[in-house]
Amino acid sequence: MNNLLVLPLIIPIITAVVLVFLKDHIVLQRIISFITMLFVTVLSFILLNIVQTEGILRLDFSGWLPPFGILFVADSFAMILVLTASVVTTICLLYAFSTIGNRHEKMFFYPFVLFLIAGVNGSFLTGDIFNLFVCFEVMLLASYVLIALGGEKRQLRESLKYVLINVVASWMFLVALAFLYGTVKTLNMAHIAVRVAEAGQDPLLTTVSILFLIVFSLKAGLLLFFWLPGSYSVPPTVVQALFAALLTKVGIYALIRTFTLMFPLQQDVTHTIIGIMAGVTIIAGCMGALSGRDIYTIATYNVIIGVGFILIGLAVGTETAMTGAIYYLIHDMLAKALLFLLVGMMFYITGESVVKKMSGLIKNYPIFGWIFFIVMLALAGIPPLSGFVGKVLIGQGAIEAGSYILLALGFASSIIVLYSLLRIFLASFFGETTISLEDSKPIPKGAYWSFILFTISIVFVGMGAESLAVYVKDAAETLMNPSIYIDAILKG
């Protein structure tokens, strides 16, 4: 059964290689890529339930036992994110079928989407920190292609910046790995946790942990997000949605795993820094969302606000806050993907991205308009939608820990998110229509289906939070009690 752990990584890679040889068979590429992601989604759900019944799963490659070999580890936290990432990718493929266009499809769009999700899933499942670096690079190499897909001048300019930033971050990651290995003589995450605990996380190890914090903050867009607004606004719409839903979340996952498992001891240093960075990120994100005049700018700064809010849960460090952070991660992956798909469709049907140049869209596209309204309420944390439970639990955890400044910033950001998206909703969907019924472009059926499926997911996560509680609470318990993870790896 443990051999199934490698499939969320290996199946997309094998399928992507096959699709490279089917360049001119677009319909076949669509069918194969969709079936592949549907299979990975179902498999992820099965593995998540196996973790609940059998405990943490481990796969040792080539029979090398920990801490000597490379391994994959599936706990509830990893499998929740693998499942959510697979759901997001599957639904985004539906949108792509009717919108991406033959030109992009013949540029190996589907193979690189599958390489991207393979890197994402591998990052969530690996139990070896060097292997985390490898999976990061698989994900980033695919993203380098996807961000420049189409070859427009603005895309190439932003892709150069994106590549440069990530090359520097990857170099810093390797430097941090070298220092860590030189100090603790292991790269197995569970074994690192044991060695760090034995050494008492001295100043040298704390310095190494801060270096990892800088690296993963660059990946997550925590404070060091200067590259994000431009990079996330230039690719095709479906790529924007995948980036917003997945890429920053891998960085967030790495931060949470690093500072709950490997470096949990000097929280007065590390968690204080994370808290300050999260607070400043929220403030900067709110300023960007308020000052934005076009829909892409507002959407990208909402991504930044979400990153800061999730990491309040890590900075606070209570089990309640961590439970809320996991709920909010699930919500943010689904809602941000939907937000970017909707924003991209607004540009498609109007040819405009400036908010004030659009109006009256709800007259010609009523279902589209009310779906935007639902995702706006979800991102603002209005009950009973998906953002509510996570916000409440993070707020409760902040109160328990006495982190009232972070609490105030977090809930103030909800008001800013609501205001920034309400500006788009009122200005673009109401008023005198700028598009006559005769001139209006029909929204493709595949796009509508993706909107509806994402909306159902958002409503389910909010109204069905109790059904998710068993998975989320188990994930939070494992994160807050690293001995559970360590024992499953080193003593299992």
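Taking the numbering used here, I'd label the letters of the sequence shown as residues 23 to 514.
C-beta atoms are modelled at their ideal positions from N, C-alpha and C, and glycine is treated no differently.
Values in this document were obtained by computation on a predicted structure and should not be read as measured data.
In this structure, DSSP gives residue 235 a helical state, which the three-state scheme calls helix. Taking residue 114 as the centre and dropping the five residues before and after it, the same chain places the C-beta of 260, 263, 264 closer than 6 Å to its C-beta, in chain order. Segment contact: the segment 169–179 against the segment 191–205, fewer than three CB-CB distances shorter than 8 Å; contact not assigned. In the structure shown, residue 500 adopts helical secondary structure according to DSSP, grouped into three states. Cβ contact annotation for residue 29 (same chain, cutoff 8 Å, sequence separation greater than five): 62, 65, in chain order. Where residue 364 is concerned, the enclosing alpha helix (DSSP H) starts and stops at 341–372.
When the Cα atoms are used, residue 141 and residue 97 turn out to be separated by approximately 18 Å.
Exclusion of the five residues before and after residue 276 leaves 238 as the residues of its chain whose Cβ lies within less than 6 Å of its Cβ. DSSP lists 95 as the bridge partner or partners of residue 80.
For residue 312 against residue 145, the beta-carbon gap comes to about 33 Å, at or over 8 Å, which does not count as contact. DSSP places residue 208 outside both helix and strand once states are collapsed to three, so it counts as coil. Around the beta-carbon of residue 470, 16 or more other beta-carbon atoms lie within 10 Å, marking it buried.
Under DSSP, the beta-bridge partners assigned to residue 148 are 94. In the structure shown, the three-state DSSP call for residue 190 is helix.
If you ignore the 5 residues before and after residue 334, its C-beta comes within less than 6 Å of the C-beta of 300, 416, 428, 432, all in its own chain and listed in chain order. Rounded to the nearest angstrom, the Cβ distance from residue 251 to residue 322 is 4 Å, consistent with a contact under 8 Å. Distance from the Cα of residue 39 is smallest, within the candidate group 137, 129, 328, for 137. Cβ-Cβ distances below 6 Å link residue 310 to 323 in the same chain, with the five nearest sequence neighbours on each side left out; the list follows chain order. When the Cα atoms are used, residue 373 and residue 463 turn out to be separated by approximately 11 Å. The segment 503–512 makes contact with the segment 209–216, as at least three CB pairs between them are under 8 Å.
Residue 318 is classed as buried because its beta carbon has at least 16 other beta carbons within 10 Å across all chains shown.
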